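Following: one structure in structure tokens, then a few remarks.
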Amino acid sequence: MPDAITIDFKTELKIGFPPPLLGDEPVRLSAAVAGDGLLALALPGGFPSEAHPFFPKAHTVIAGLQAQLRAKKPELERLGMEVALSVNFLEPESSGLLLVAYTRAGVERWRNAFGSSQIEFTYELIVKANAELADELVCDLPVARHKARHKSESRMLVSHKTGKKSHTVFRRGAVCGGYERWTATTALPRLHQIRLHAMEVGLCIPGETLYGEIPPLTWSVLKGPEARGDRGGIVERPLVHLARIRMVEGLTGLEPLECPPEGPLARIWAEFTD
């Protein structure tokens with residue numbers, strides 16, 4: 001297996017999004033070419049990768065790229081970008097890697113690879129420690145979209161009748177106080193699959209208020225007396241980050257990718273040592 005390409009704030013290639021494409025402030029996303037006609041972007045969270053009924057008015061990365069393609073932005077033309085279509089989906093409650101097919105041939109190749117479960121996605125998540133759980137947990141529950149009457153009720157659910165096949169392997173990792181860092185690996189991530197499957201197997205993610213009632217993590221809870229009275233929430237959203245992507249064993253074409261968390265999440269992750 002070749003060394004992974006790391007995409008973080010040090011990465012030379014950046015894709016800019018002037019206002020209002022991703023909000024009122026300019027945004028620059030670190031990026032790397034990951035394969036023929038394939039671009040990988042590091043998303044900080046806060047906006048979805050593309051339009052979805054759960055997030056009807058959200059600014060999206062794909063819409064922002066397409067707008068700049070129409071405007072013939074030089075930095076995209078230098079990449080040889082013909083189109084901009086996502087391979088995987090990243091919801092605004094999560095951060096991490098997004099794969100974007102940027103040539104017509106790339107769209108066909110990489111979307112087929114995704115749909116055929118040829119690409120492996122590994123998330124990292126912080127959960128409440130639970131010594132009663134095994135070090136490895138597997139969830140195969142099918143995931144379906146809940147037909148909500150209102151946006152506030154938009155969520156996924158387990159359904160053996162209408163759900164789509166889903167498979168997640170969770171593995172225990174580093175520990176800090178009463179919390180643990182786990183990985184969650186799947187070859188076909190569906191919307192909210194990691195969060196829903198985590199709750200189904202007993203993993204409680206701080207900040208998970210849609211599929212549980214788990215309050216956000218605070219420094220006073222994580223670090224105890226060392227936090228010096230800091231009781232504010234570190235990150236209000238669920239602590240889930242898409243950290244690594246690679247082809248499944250035996251297949252080639254996609255460079256292995258890794259994306260360490262940045263900002264407040266980086267500070268949290270640094271507290272966990274193997």
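If you count by UniProt numbering, then the sequence shown holds residues 1 to 274, one letter each, in order.
Where is the CB? At the ideal position from N, CA and C, for every residue including glycine.
Just so it is clear, the structure is predicted and the values come from calculations on it, not from any experiment.
Of all the options the options, which has the alpha carbon lying nearest to the alpha carbon of residue i?
{"i": "Leu-65", "options": "Gly-96, Pro-56, Arg-28", "result": "Arg-28"}
{"i": "Glu-208", "options": "Asp-140, Ala-51, His-59, Leu-239", "result": "Leu-239"}
{"i": "Trp-269", "options": "Ala-243, Glu-93, Gly-250", "result": "Ala-243"}
{"i": "Met-81", "options": "Ile-62, Gly-212, Asp-3", "result": "Ile-62"}
{"i": "Lys-164", "options": "Leu-191, Ile-119, Leu-39", "result": "Leu-191"}
{"i": "Arg-111", "options": "Leu-254, His-241, Ser-154", "result": "Leu-254"}
{"i": "Ala-34", "options": "Leu-13, Thr-122, His-59", "result": "Leu-13"}
{"i": "Thr-186", "options": "Gly-263, Tyr-123, Phe-54, Val-127", "result": "Tyr-123"}
{"i": "Arg-195", "options": "Thr-6, Ile-234, Phe-114, Val-169", "result": "Val-169"}
Which partner residues of residue i appear in the DSSP bridge assignment?
{"i": "His-241", "result": "Ser-95, Glu-124"}
{"i": "Arg-145", "result": "Met-156"}
{"i": "Thr-168", "result": "Cys-139"}
Tell me which residue opens and which closes the alpha helix (DSSP H) that residue i is part of.
{"i": "Ala-266", "result": "264-270"}
Does DSSP put residue i in a helix, a strand or coil?
{"i": "Leu-251", "result": "coil"}
{"i": "Ile-5", "result": "strand"}
{"i": "Thr-11", "result": "coil"}
{"i": "Thr-162", "result": "coil"}
For this session: Tell me the start and end of each unbroken alpha helix (DSSP H) in the region 175-239 that is at least 4 residues and wholly inside, in chain order.
Result: 193-200, 219-223
Problem set entry | Complete alpha helix (DSSP H) runs within the region 55-140 (minimum length 4 residues, chain order) | 61-70, 74-79, 104-115
Exercise. What are the uninterrupted segments assigned as beta strand (DSSP E) that are 3 or more residues long and contained completely in the region 13-62, given in chain order?
Worked result: 14-17, 27-35, 38-43
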